[in-house]
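Below is one structure, written out as structure tokens; comments come after it.
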Amino acid sequence: MQRNFTRRDIEFDADGITLRGWLYVPESNGHQVPAIVMAHGYSAVKEMYLDRYAEVFAQAGLAALVFDYRGFGASDGMPRQEVNPWQQIEDYRHAITYASMMPEVDNNRIGVWGSSYSGGHVLVVAATDRRVKCVVSQVPTISGYQSALRRVPGEAVEKLLHSFAEDRVRRMKGEEPQMLSVIPHEADGNAIYTMPDAVKWYSEGGALAPGWRNEVTLRSVEFSRSYEPGIYVSRISPTPLLMIVGENDYVTPTDLALEAYENALQPKRLALLSGGHFDPYLNHFEQSSTEAVKWFSQHLLK
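Be aware that the sequence shown starts at 37, since it is given in this note's numbering, and climbs by one per residue.
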């Protein structure tokens, strides 16, 4: 049975930085409800389809707190457009704290949902923060190192590492950080994602989000190469884990996700979706959102 819900703008403190987002609250006749804390993947902001998931969760009786990381979208923080995975994990923890303080929320029934880069974040959060009682990790980043080996040809690695060093020197001199496009634009073919499905998704999703910018700092790429959230997957139990994996995912490779799932302990569930990395948000939204709702409902709506 679908429930009515309200959505309101929120903001909360994260070690002196104001983070902003939305809080979806289902009608509950005054009873406290579980809450799902959620944020987006690499460079993306909340308007890029996260509202669709939050609405489905709220209709199922789950509150949903959706936020932008520091330096992105509606949130404060400098430097802008820097994807620091460990800082974003801390922002998840701040958001969990804020959700636990909401009078509408049962702070003993908080779950986390993440997708792509944040699919990796929630693996770390669930393994290290026992306030989390359930986790859904969709098309997750598992290994920055292994992914980098597949994305960057060997002859280009030395040049890339040299650019990281140059950028750090510029920063130490007080100069602006070097930026990279997320997807190609007009005169710039030097972008992180050049695959047609990625270009289409970021272009169409970005059009829905006035706060999205088609750039990240070069240091974001440096951070990503040493980010290994898959290491934490065996530590999540006994928190229930659902992994939603694309059968033909070349952004966060399918085989790495399946290997991580095998390393996870019970209780766990694997949902395979046909298609690639960006299909859960649109082409297979009904399946991906239904799987998440069922898992959260099973473990949080008690």
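Think of the CB as a built atom: it goes at the ideal place given N, C-alpha and C, for glycine as much as any other residue. The structure displayed is predicted, hence computed values, not measured ones.
(request) Using the Cα positions of residue 171 and residue 281, report the straight-line distance between them to the nearest angstrom. (result) As a working mapping, residue 171 is identified with position 135 in the sequence shown. As a working mapping, residue 281 is identified with position 245 in the sequence shown. Computed Cα separation, rounded: 14 Å.
(request) Would you tell me roughly how many angstroms separate the C-alpha atoms of residue 306 and residue 318, rounded to the nearest one? (result) Along the sequence shown, one-based indexing puts residue 306 at 270. Along the sequence shown, one-based indexing puts residue 318 at 282. Residue 306 and residue 318: Cα-Cα distance of roughly 20 Å.
(request) Have a look at 153, 165, 139 and flag the residue whose alpha-carbon is nearest the alpha-carbon of residue 147. (result) For the purposes of this step, residue 147 is taken as residue 111 along the sequence shown, with counting starting at 1. Answer by Cα proximity: 165.
(message) From the DSSP secondary-structure annotation, give me the bridge partner or partners of residue 47.
(response) What you label residue 47 is simply residue 11 of the sequence shown in a count that begins at 1. Beta-bridge pairing links residue 47 to 56.
(message) Using DSSP's beta-bridge definition, name the partner residues of residue 149.
(response) In the sequence shown, counting from the first residue as 1, residue 149 sits at position 113. Bridge partners of residue 149: 74, 172.
(request) Between the Cα of residue 340 and those of 62, 56, 139, 191, spot the shortest distance and give me the residue it belongs to. (result) This structure cannot speak to residue 340, because the chain is shown only from 37 to 338.
(message) Check this for me: beta carbons of residue 175 and residue 316, under 8 Å apart or not?
(response) For this step, residue 175 is matched to residue 139 along the sequence shown. For this step, residue 316 is matched to residue 280 along the sequence shown. In contact: residue 175 and residue 316 (Cβ atoms closer than 8 Å).
(message) For residue 106 and residue 60, I'd like the C-alpha separation in whole angstroms.
(response) Translated into the one-based positions of the sequence shown, residue 106 becomes position 70. Translated into the one-based positions of the sequence shown, residue 60 becomes position 24. Taking the straight line from one Cα to the other gives about 20 Å.
(message) Considering only the alpha carbon of each residue, which of 301, 110, 79, 157 lies closest to residue 73?
(response) What you label residue 73 is simply residue 37 of the sequence shown in a count that begins at 1. Measuring from the Cα of residue 73, the nearest candidate turns out to be 157.
(message) Considering only the alpha carbon of each residue, which of 46, 141, 276 lies closest to residue 65?
(response) Within the sequence shown, residue 65 is the residue found at index 29, counting from 1. Ranking the options by Cα distance to residue 65, first place goes to 141.
(request) Rounded to whole angstroms, what's the CA-CA distance from residue 118 to residue 257? Just pull it up for me. (result) Counting from one through the sequence shown, the residue named residue 118 turns up at place 82. Counting from one through the sequence shown, the residue named residue 257 turns up at place 221. Counting only the Cα atoms, residue 257 lies some 9 Å from residue 118.
(message) Between residue 180 and residue 295, how many whole angstroms is the CB-CB distance? I'm expecting something under 8 Å.
(response) On the sequence shown, position 144 is the one that residue 180 refers to. On the sequence shown, position 259 is the one that residue 295 refers to. Their Cβ separation, rounded to whole angstroms, is 15 Å, which puts residue 180 and residue 295 out of contact at 8 Å.
(request) Tell me where the beta strand (DSSP E) around residue 102 begins and ends. (result) Looking up residue 102 in the sequence shown gives position 66. Where residue 102 is concerned, the enclosing beta strand (DSSP E) stretches over 99-103.
(request) Using three-state DSSP, classify residue 287 as helix, strand or coil. (result) Numbered from 1 along the sequence shown, position 251 holds the residue referred to as residue 287. Here residue 287 sits in coil by DSSP.
(request) Can you tell me which of 168, 77, 76, 43 puts its alpha carbon nearest to the alpha carbon of residue 335? (result) Locating residue 335 in the sequence shown gives position 299, counting from the first residue. Ranking 168, 77, 76, 43 by Cα distance to residue 335 puts 168 first.
(request) Under 6 Å Cβ to Cβ from residue 200, same chain only, skipping five residues before and after it: list those, please. (result) For this step, residue 200 is matched to residue 164 along the sequence shown. Within the same chain, residue 200 has close Cβ partners 258.
(request) Give the secondary structure of residue 39 by DSSP, where H, G and I count as helix, E and B as strand, and everything else as coil. (result) The residue given as residue 39 occupies position 3 in the sequence shown. Coil.
(message) Which residue marks the beginning of the beta strand (DSSP E) containing residue 359, and which one marks its end?
(response) Coverage of the chain is limited to positions 37 through 338, which leaves residue 359 absent and any answer about it impossible.
(request) Quick one: grab the DSSP three-state call for residue 305. (result) For the purposes of this step, residue 305 is identified with residue 269 of the sequence shown, where counting begins at 1. Residue 305 falls in the strand class under three-state DSSP.
(message) Taking the alpha carbon of residue 235 as the reference point, which residue from 287, 211, 283, 127 has its own alpha carbon closest?
(response) Position 199 of the sequence shown holds residue 235. It is 287.
(message) Would you call the segment 88-95 in contact with the segment 119-137, where contact means no fewer than 3 C-beta pairs closer than 8 Å?
(response) no
(message) Please report the distance separating the alpha-carbon of residue 193 from that of residue 50.
(response) Here residue 193 refers to the residue found at position 157 when the sequence shown is read from its first residue. Here residue 50 refers to the residue found at position 14 when the sequence shown is read from its first residue. When rounded, the distance between both Cα atoms is 35 Å.
(message) Looking at the strands, I want to know which residues DSSP matches up with residue 201.
(response) Here residue 201 is taken as the residue at index 165 of the sequence shown, counted from 1. Answer is none; residue 201 lacks a bridge partner.
(request) Assuming residue 252 contacts residue 216 (C-beta within less than 8 Å), just tell me the rounded distance between them. (result) As a first step, residue 252 is located in the sequence shown; it is residue number 216 there, counting from the start. As a first step, residue 216 is located in the sequence shown; it is residue number 180 there, counting from the start. Going by Cβ atoms, the distance from residue 252 to residue 216 rounds to 6 Å, so yes, they are a contact pair.
(message) Between 101, 53, 278, 292, which has its C-alpha nearest residue 44's C-alpha?
(response) The residue you call residue 44 lines up with position 8 of the sequence shown. Cα-wise, what sits closest to residue 44 is 101.
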